[in-house]
Each structure stands twice: as structure tokens, then as C-alpha cells.
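Trainee:
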Amino acid sequence: MTNLSIELGGAGKAAGRLRRGRVPFGVALAGLIIAFMAVCAVAPGFVAPYDPYAPDLLASLKPPSPAHIFGTDQLGRDIFSRVVHGASYSLYIGLCATALAVAAGIVIGLSAGVAGGFIDLALMRVIDVLLAFPGLLMSMAVVAFLGTGVTNILIAIAIASIPGYARIVRAQVMVVRTSGYVEAARVLGQPPMRTLLRHILPNTVGPLIVLSTLGIGSAILQSAALSYLGLGPKAPTPEWGLMLAEGQGYLRRGWWVGIFPGVFATATIISTTVLGRYIKALTDGRA
Amino acid sequence: MALLEVRDLSIRFVGHSHDEDVQAVRGLSFSLDAGECVAIVGESGSGKSATARALVGLAGDNALVEGSVSLGGRELLKLSQRDWLGVRGRNIGFVLQDALVSLDPLRKIGREVAETIERHRLLPRGEIKGRVVELLTQVGMSDAESRLGAYAHQLSGGLRQRALIASALSGDPSLLIADEPTTALDMVVQAQILKLLNGMKQAGKALLLISHDLAVVAELADRIIVMRDGEAVESGTPMQIFSDPQHDYTRALLAAIPSARTRGLSLVTGSGGGESGDVSLVPRVPVLEVGEVVRTFGKRAAVDDVSLTVVAGETLGIVGASGSGKTTLARLIMGLEAPDSGSVTLKGADWSALHERQRRPLRHLVQLVSQDPMSAFDPRFTVERILDEALEARGFERAGWAERRLALLRSVGLSEMHLGRRPRQLSGGQRQRVAIARALAMEPEILVCDEPVSALDVSTQAQVLDLLLDLKRRLGLTIVFVSHDLGVVQHVSDRVVVMNEGRIVEEGAVEEVLASPRHEYTRALLAAQPRLPERMAG
Amino acid sequence: MALAKELITRLLAGAAVLWAAASLAFIVLQLLPSDPVQVIYGADSTVTPEMRDRIRADFGLDQPLWQQYAGFVSRTVTGDLGTSYQQRRTVVSIITSELGSTITLASLAVLLAFSMAVLATLATAGRDNWLRRVISSLELVSVSTPAFWIGLLLLTFFSFQWPIFPVVGDQGWKSLVLPVATLGIALFGTLSQVMRNEMDQALEQPFALTARTRGLSLWAVRWRHALRHALIPALTIAAETFGALLAGAIITEQVFGRPGLGRITLQAVRNQDIPVVLGVVLFSAFIFVTINIIVDLLYRVVDPRLRARA
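Residue numbers (the working numbering), protein chains in the order written: chain A, 1 to 287; chain B, 288 to 825; chain C, 826 to 1135.
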């Protein structure tokens, strides 16, 4: 979304600072965080000490202690166990929504860019119209039609991100199509279909896949926001945004209720962004 | 004591670790007096620009500058950052190349020229405008008052460069440093700017000229310093340098400059390149005919009623300034651009009139070598895949590719160690060789070269030109050679076509056209060509 | 003359986008699986079929499709966005009554974010030092942290731990501080990244070197030359920033219980009050198109190179 169009141009400085053969500390840390989140998502029972759904009203709103390292929430559930279980929702929505949006974006952008003429004009006008709606508002509108729930916000986020990806793909197709090497292929007498598959497609899709790693963070951000607004999964699901929304009324009595789900969400989003930028800087340096 | 005394100047760019350090300049000494011009000449990486920047304290945060630079008896290298601000613009004026990007594109010319005066508070506010007009008039900008409100992009290259010089002069500095002041300019405009700089010298400014081009500085400099890899290899008056060069590098550099005199000679070795292949003895078979071709973009005719014939085995030079339509003409010949009217025929058959599908099987006949080979290669491809794509397009059996690849690389002076490299990992000269190898893989009859050497250093240019002429002789290629550089065209061509504003103004054998030009524009072009003083014998 | 022509083209293009947006909205309405009457009365079994038909007629749902479409588009053009299913008020009156509060919040937040971004850009562009690393880390945190969590953190610390600012409501400037900070911080990262990236590039251009050879300090080059270059991309993303603002307002208003456009949007989405949802969507599209037209004109003021191209 907003971030993507910026990232497309930027990162010049970052690439300049990269050194051969050594992974920067921040990137290594981000990798570790993502690895940890992945373990949480795939095998939460392995990491979480308690049942995330089991209430214990006698132990409600207890501050962090050795037994409950992140404290307990208003129903006495272990917050650490709940945030660990929450990872699967965010990663699932982030990955699937991005994959869906990228796939649709490639199909639309490539058709527009390659076909040109009227098809290009029509598709791009539609994209312009869709881009006129703010992303969150558009996903909210989709939720208004589809109803709430994990799958529906996944679809909503994907739909809201398609126009951005489609526009980037189409712009990249235009750049590649007029590039010297596509012209060189023409001079060699290569048929257009072969040029499309051999030069245009890889040089368009490659950068987009790299860019989409940055989109995952943005999709996770959106899913947390939609859940916070009560449009995602329903209680007692341990989704980070929902946990924060539920805990908001208890902030006066327990600050920890409002901290840890946010820490997990932010750490995940920052880490995907850092990794995405690193991958982009690496490929920029090579290509 | 001279106005500017540079003693034992060393510049070292400090990298992340010790082995990433770059010693840009080593032990450079020279002096420069008022009314005098010293030129530092060298190829890229010689340290000439780093030297210029160090003299104004702007070599960069990671540059370690040692030695001594004194201006009017004041040691500059010991100045604090604060004191430097008082020196720049006031005591030293600086002119960079390509004024389009060296002037702030978002500010008006008048404000850019006034900036030094405002910064150093040289005049009361009310008098600044008058002074700026005076300065612009002084550098030969007519109608200066009305141009104060213009932006850089609204002026021609020459006017921009004049404005930039006016801005450097505005603080009335005693020393003027000009770093490649004419590189982005056409030859005619270049001559005007050099004349202007000469006027500044006559008026008593000390002028330090930085250039990659020996010929450009020849008329202006009182002394020339030839730099290579951070060291001065030779210095002396232009007469000494040109007639009696002491160092091998200087000699090679001089020999590498293409001109009418170097025709038929190797630019690298200076010796004859074998049979010069006199075209007059070859039967004149036209292979390519351009007939009354017009191509317009918007309202402007880029190519306007152009007709020419290319004969088998000859090299036709197309020379003209930027915007003269020579590149569009090359693209029309390539069949990459369709003419609005007129026709291009290849070996007596339709070429421009063909549908792309019909043209495709014939495309191998005409191949292209462009100015910027970097963009002409898919960045993901290795040299091996680049060549394979051509071999595949030509329809060679896959079994023979490996052998052909090697043969092609050898014929352009590369070896199998380059097969695995990507374009990014090659030098500019190597890239151009790969581009030539790819074109040769198609077994073309005509090679269209569009400014193939204008992005290269003189010595690399010499190697590539030698290679092209050698291939032409060995393979009997017909070459259409497009360039803005008269010297290069004179060196390579049998016949020449001079273009101006989309039209051919003159055409004929190189010797005739250049010895007795009939058209005014050709005469202007020839007059603007920088001349070397008497060259070494032979 | 060229400017007038350009302006007319822009206006026409903008109108086309709005028309397309309205048509899209209409299609969406038609595709809606739920029956509006169902949404309005829920499962209330006392509603007779006759009453249902009357309601259908009230909302024009009994007309042929093309008439509904023509009516929808022509009403939209005249600024009539329909009537809420839930509130029995026109969508326009709902939007306008809530707009003021959101505009106050949004404009203060933009001001905050923009000032912070300019300061951050001026202080760090073209440098590679500890300050730059600190500020670019802050930007990364700003773009990666969910806005609602920023709000919750501010609430936790500045309302509960140290009760400086009120928790919820709309009571004078004090209740504006935390919402504005939340939205401003969320916006800051993107703006700052974009502007600094451009200023970095501007400072590497030869004209920056030329300016320094005139005796300008590094600060003066940033302030007098490069800042203007950095404003161009800030303009480019102005419309996207508006989208981020609206999205941010929805969240901020929810966190701090403030009235505003965001709150009614969320309400409408939750209640499937489609006319209000579409009204807000069309309204935001209208603002987006308007901003883009203004931005296109402003470009010419900031960047003289574009004036030549017309």
C-alpha cells in the first residue's frame, strides 16, 4: 500500500551500506523473531505453558510473575499463552492475503501492460478508482458485505491490496517493455511470446515477489486493526488485536493487558519489514 | 610565490576496513599563478576530480587529505569547516560539468547566480540584480535581464553552462576551478565555452581545468599535468606534451585520440592495421538504401527527407550534434522505428514496409551496437546466456553453441572466463565487446553502431575502435557508424554524412568533405574541433 | 490557456473516477446478499408483507434496475447519498454532523507529523551517523506499529499511570492531545521516509555540490535547496496520506471514544448499514479526487520542470 510505492524507489542508501557476506545484527534479530513466531504459529502448544482459553477467575489481572511471565488477563487466562497462540492468526492472514493479492495483481497488471491499448486503459481506470479508496476503508466495506471473521478479513485485506500491486506490476512491465534488452531481443528477431516469457515476465515478477515480503507486514498490520475494531474473529479467540480491544477496559488496573499483544504484533511487523528491505537491498545490489 | 601552491597532495578515501581504502591521489605538486591555466588530464579513476574537490575542501567526509594547499599564502588544508565557508565562492569559484544537474532545477537562474553574492554579503540587496545581469552579460548571455527568471531546463546546454560559469565568477574569486566544463556539450558549443574560459584567463583569473580530453585543453592550458592512478606521470607545456611526450602512458593517450591522421592505423599500437581495404576498388553494390524518409515526433521532424545509400563493405559515418536526428535515422535503418513517409530497402528489397512478422527472419542481416550496452542486456543474464540467445535466434544447432560462444568471445578479445559474468560485473569496454560479440553471432552483413564509444575512456575507446575496424576487415562487414565526435568519425569512416536538424547537409568521401566542406554547418563543426599542436612525427 | 485546458482535463478525469466509483457502489449494492428490509427490521416477525412493500417503495427498491441506477447516480451527483437504514437520517447529514471533529483531529495530526518529518529530514538526510540510525529506527517503529496500540500505550502511560490527559470523550484541547499524538506518530514514519529518501538523492546531485562551492554550509544547502526537492514526494503521497488519515481516524476515534467520521463508519460496518458505508466510501473518493487535482496543480508551483511540459 502506501509503504510499497515508497519502497519501490527507495533503499538506495541501505543498499550502499550493505557489506559483503555479513548479515547485519538487526536483520539477524528480525530473522530470529520471525522464526520464533513461526514456531508459535505452527506448534503453539510447544511454546505456551497454559491453555489459552482456560479462565481462572481467582487469578484475574495478576501482574507478570514467574508463573505467568506476561501476567493474566481479566478472566485470569495466561497472557503469554494467548499471545503465543495468536501468532498463527496474524501469520496466516498476512501470508495468505499477500499471496492472493500478489497473484491477482500480477494477472491484472501483466494483462494491462502487455495487452496495451483499450484493455490497458480500461483496467488502469478501474485500478485508479479502487485506489481512490483508503485501504482500511475498503477492507471495512468488504467486511460490511461479507460479514466478520478470519476468512472474511483475509479476503478483505487481499482485495484492498490488489490495486496497489496491479499498478506496480503494470508500471514495471512498461519499464521492461521499453528497455534496451527487450529491444535487443527484437533486433535478434526473437518472437514476442518468447521475449515475454524470457525477459518481461521474470524482470517484472521478480522485483514484485521481493516487494511483497514488505507487503506481508502491512497485511498483518491491517488484520490487527480490523480485529481490534471487532471485525475479525470473535472472543475468546486469542487474536492480538482482539485481545487488546478486550483488555482496553482494564488498562487502569493492569498495564500488562495492553502491552504484550501489541509487542508481539509490532515485533512481527517490524521483523517482516526489516527482512523484506534486506532481501530487496540484496537483490537490488545484484540485479 | 605563486597564487596557488599545491605541495605533495595525497587523498585517501577511507573504507570500512583497511583493504577497502582507496588511495585516490599520491604526492601531487603544482603551482598556478594569476592569468595562467593549468590543466589536469586523466581518465576515470585517475584522481583528477578528487584533486579538484580537495582544493575546495569538499573531497568528502571519508577523505583523508594530506600535504599542503596554499592560496595567496594562506594554508587551506588547515582551515576549520567555518573558515572554509568564507573561502568557497569568494576566493575559489567552481564550475562543474553538465549544468542541467549542476544548477538547482527548482530555482531560477537569477537566484542561482546571486547565491554567492548573498551568502558572502558582497553587495547591498538592491544592487544584486544589476550585478547578476552584468555577470550573465559578461559570460556572453544575450538578453540577460529577461533570462533571470528562467529555469535551467528552459535554457540550451550552452546557456546553462554560461550561467554556471557566471555563478562561479560572481564572488570575484582569484582562482577558478572547472571540472569537465564542456563534457556534456556539443562540439560547437564546447568551442564557445573554451573561448569564454580563455577570456577569463586573459582577464587575470587563475584557471585550473580538469578534463579527460587532451585535445580540449590543448589550446587553453599553459601547463598540462597528465594523471594516472592518482599520480602525475608527466607535466609540461602543451608543446612539450604533444611533440615530445616522455612517458609511455602519455604517448599511448596521444596515439589513442582518433582523427583524420589516424585512419588505417591502430589506435593502440600506432601501427598500420594491415590492408586498409580501399573501398574504391570494391564493386559498389548498394546494400541499404534510405529514400526520402521522414519521421516526426509530435510536430517536430526528427528525420526530415533523408536519402542515402550504403555500399557493401564500406563504413558510413553519420555525424551531427545531439538532436540532429542521427539516432532516429539509425533506428529507422534498424527497423525499430517506422518512417512516416519514404522507405528503407535492404539488399534491394522492402525493409521498412515489411510487417514485423516478415521482418523477423531477416533481422539477423542488420545488427545493432548501442551506446549503453548495460541497458541492452537483461541484468539477470550471464554472458553465456546473452550469447546463447543470439545463437538460438540465428537457428544454430545447440550442439555447436559452446564452440561458437568461445570463438565469438575470442574474436572480440575476451575469453571463456567471462562466460559466467553478468553485465554488472564487466567493465564498460568489456560490455561493449560482449555487445559486439552478440551482434556477430547473428552473422550480420550490416552493423549499425550508435555512439558505441562515447561512454568510454580514450584508451578503452581506442581498443573498441581497433576491434571494430579489425572485424570489418576480417569479416567484410558493412558498418553504419553514428557519432557526435568528428575525430572518431574521421578515423573510422570511408564516407561521411553530416546531419543537422533532421536533414543531411553534406555527404561524400571523408577526405573530400573534411578537406573542403561546402556547407556552412560542416565548416562550423570543423572549426569547433579542438586541434592538437604539432603531433609527434609519424 | 494551457493551464485552463489542463484543469478541465483533470476535472473531467476526476468526474469520471467518481462516476465509476458510484457505479461500482451501485453494483455492490445489487450484489448484496442480504435484503435491506431484513437489515432494517431484523427478524421482527410483526412486520407484515404490506409494510415490507411500503418500505421497499420508500427506498425505491421496487423500480426496475436501470431506473434505480439512474436515480442512484443522479442523486449521487447532486450530493444526495441516500438514507441510513438504521438512523432514519440522510447519509449526508450524518457525515456532515460528524465531520468537524474528524477534521480537527486529522489536520492537527498532519501538522504534527509533517513538522516532525521535516525536522527529521533536515537533521539526518545525506548523513550516516548515530542520529540517523536512531531516527530511521523510530520511523520503522512508526510505520510498523498498529496505530491503535500506540493509542493504548499513550492511554496506559499518560492517562492511567500518570493521569495527565482524560481517558475518553471530547472535552477541550486536553482530550485532543493523545488522539492527535497517536495519529501524528502513525503518519510520521511514512512521510519522513519518503522525504528523506528524496533529500538524500537531492544532496547527491551535482547542484548540491555547486551550492557548497559557493560557500553555503551543509545546513544552508539542506534548507535552501534540498528541502524543496523533498517536498515533491510529500505532495505525491498527499492523497494516500489522506487515506491513511481517514483509516487512522477510524482507529483513533475508536480508541479514545471520540465522535467523528470514523466512529459512524465503524458503526455502519458493524450494523451492515450499507448506504452509510457507501456514502463514506464515495465521500472519501470525492476527497481523494479533489486532493489529486489540487496536488497536480501544486506540482507546477513547486516543480517548474513540469510547467514546460504542458
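Note that the Cβ used here is the ideal one computed from N, Cα and C, for glycine as well.
Note that this is a predicted model, so its numbers are computed, not measured.
1) Residues in its own chain within less than 6 Å of valine 792 of chain B by CB, not counting five upstream and five downstream?
2) Counting only beta-carbon separations shorter than 7 Å, does aspartate 391 of chain B have a partner in chain C?
3) Which chain A residues are close to serine 909 of chain C, counting only those with a beta carbon under 7 Å from its beta carbon?
4) Counting only Cβ-Cβ distances shorter than 8 Å, please list the residues of the region 432-454 of chain B near chain C, keeping chain order.
5) What residue ranges within the region 1023-1085 of chain C form continuous alpha helix (DSSP H) runs of no fewer than 4 residues, ordered along the chain?
6) Find out if the Cβ-Cβ distance for the pair alanine 296 of chain B, leucine 390 of chain B is shorter than 7 Å.
7) Based on the DSSP output, what are the partners of cysteine 736 of chain B in its beta bridges?
8) Indicate whether at least one CB of chain A lies closer than 7 Å to the CB of proline 991 of chain C.
9) To which residues does DSSP link methionine 661 of chain B through a beta bridge?
10) Can you tell me the Cα-Cα spacing of alanine 15 of chain A and serine 940 of chain C, whole angstroms?
11) Is the Cβ of arginine 650 of chain B closer than 7 Å to any Cβ of chain A?
12) Quick one: what's got a C-beta closer than 6 Å to serine 333 of chain B's C-beta in the same chain, skipping five residues either side?
13) Please return the same chain residues whose Cβ sits closer than 6 Å to the Cβ of arginine 1047 of chain C, not counting the five positions on each side in sequence.
14) Considering only the beta carbon of each residue, do valine 274 of chain A and glycine 26 of chain A sit closer than 7 Å?
15) Hey, quick one: how far does the alpha helix (DSSP H) through glycine 774 of chain B stretch, first residue to last?
16) Only counting the same chain, and skipping five residues up and downstream in sequence, which positions put a Cβ closer than 6 Å to that of alanine 160 of chain A?
17) Does glycine 116 of chain A get closer than 7 Å to chain B when you measure Cβ to Cβ?
18) Can you find the residues in the same chain that come closer than 8 Å, C-beta to C-beta, to glutamate 562 of chain B, ignoring five residues on each side of it along the sequence?
19) Can you tell me whether valine 274 of chain A is helix, strand or coil according to DSSP?
20) Just tell me which of B/Glu399, B/Lys488 and B/Ala401 has its CA closest to the CA of alanine 321 of chain B.
21) Please state whether DSSP places arginine 587 of chain B in a helix, a strand or coil.
22) Who are the Cβ neighbours of leucine 236 of chain B in its own chain at under 7 Å, not counting the five residues just before and after it?
23) Considering only C-alpha positions, which residue in the set B/Leu554, B/Val593, B/Leu623 and B/Asp627 is nearest to glycine 585 of chain B?
24) CA-CA distance, alanine 945 of chain C and arginine 1053 of chain C?
25) Comparing alpha-carbon positions, which option in B/Asp459, B/Thr338 and B/Val419 lies nearest glycine 373 of chain B?
26) Jot down the residue ranges of each uninterrupted alpha helix (DSSP H) in the region 107-159 of chain A, minimum 4 residues, whole runs only, in chain order.
27) Got a sec: is the Cβ-Cβ distance from phenylalanine 381 of chain B to anything in chain C below 7 Å?
28) Taking Cβ positions only, does serine 662 of chain B come closer than 7 Å to chain A?
29) Pick helix, strand or coil for threonine 469 of chain B, following the three-state DSSP scheme.
30) Hey, how far is the Cα of valine 400 of chain B from the Cα of valine 419 of chain B?
31) Quick one: give me the first and last residue of the beta strand (DSSP E) that valine 312 of chain B is part of.
32) Check the Cβ of leucine 623 of chain B against every Cβ in chain A and list those closer than 8 Å, keeping chain order.
33) Looking at the structure shown, is glutamate 375 of chain B part of a helix, part of a strand, or coil, going by DSSP?
34) With glutamate 414 of chain B as the anchor, note down where its alpha helix (DSSP H) starts and where it stops.
35) Can you grab the Cα-Cα spacing for the pair threonine 804 of chain C / isoleucine 1010 of chain C, in whole Å?
Mentor: According to the structure data:
1) Around valine 792 of chain B: Val785, His806 and Tyr808.
2) Yes, because at least one Cβ of chain C sits closer than 7 Å to the Cβ of aspartate 391 of chain B.
3) What serine 909 of chain C touches in chain A: nothing, since even the nearest Cβ is about 13 Å away.
4) For the region 432-454 of chain B, which is checked against every Cβ of chain C, the residues closer than 8 Å are Tyr438, His440, Gln441, Leu451 and Ser454.
5) Taking 4 residues as the minimum length, the alpha helix (DSSP H) runs contained wholly in the region 1023-1085 of chain C are 1031-1038, 1043-1046, 1052-1061 and 1063-1080, in order along the chain.
6) Note on residue identity: the sequence assigns leucine, not alanine, to residue 296 of chain B. Result no, Cβ atoms of leucine 296 of chain B and leucine 390 of chain B do not sit closer than 7 Å.
7) B/Val656 and B/Phe768
8) no
9) None, per the DSSP bridge assignment.
10) Note that alanine 15 of chain A scores a pLDDT of 40, beneath 50, so its modelled location is shaky; the value from the coordinates is reported in the next line. When the Cα atoms are used, alanine 15 of chain A and serine 940 of chain C turn out to be separated by approximately 28 Å.
11) yes
12) Met514 and Arg515
13) Leu947
14) yes
15) Where glycine 774 of chain B is concerned, the enclosing alpha helix (DSSP H) stretches over 773-779.
16) Excluding positions up to five away in sequence, the list reads Gly135, Met138 and Ser139.
17) No, no contact with chain B.
18) Summary for glutamate 562 of chain B: the model assigns pLDDT 49, below 50, so the residue's position carries little reliability; its value from the coordinates is reported in the next sentence. Correct list, in chain order: Arg760.
19) Here valine 274 of chain A sits in helix by DSSP.
20) Nearest of B/Glu399, B/Lys488 and B/Ala401 to alanine 321 of chain B, Cα basis: B/Lys488.
21) strand
22) Because chain B in this structure spans residues 288 to 825, residue 236 of chain B falls outside the shown range and cannot be described.
23) B/Asp627
24) Straight-line Cα distance between these residues: approximately 15 Å.
25) B/Asp459
26) 117-131 and 135-146
27) yes
28) yes
29) Reduced to three states, the DSSP call for threonine 469 of chain B is coil.
30) 6 Å
31) 309-319
32) Glu183, Arg186 and Val187
33) Sequence check: residue 375 of chain B is arginine here, not glutamate. DSSP places arginine 375 of chain B in strand when its eight states are reduced to three.
34) 412-425
35) Past the edges of chain C, shown from 826 to 1135, lies residue 804 of chain C, and the structure says nothing about it.
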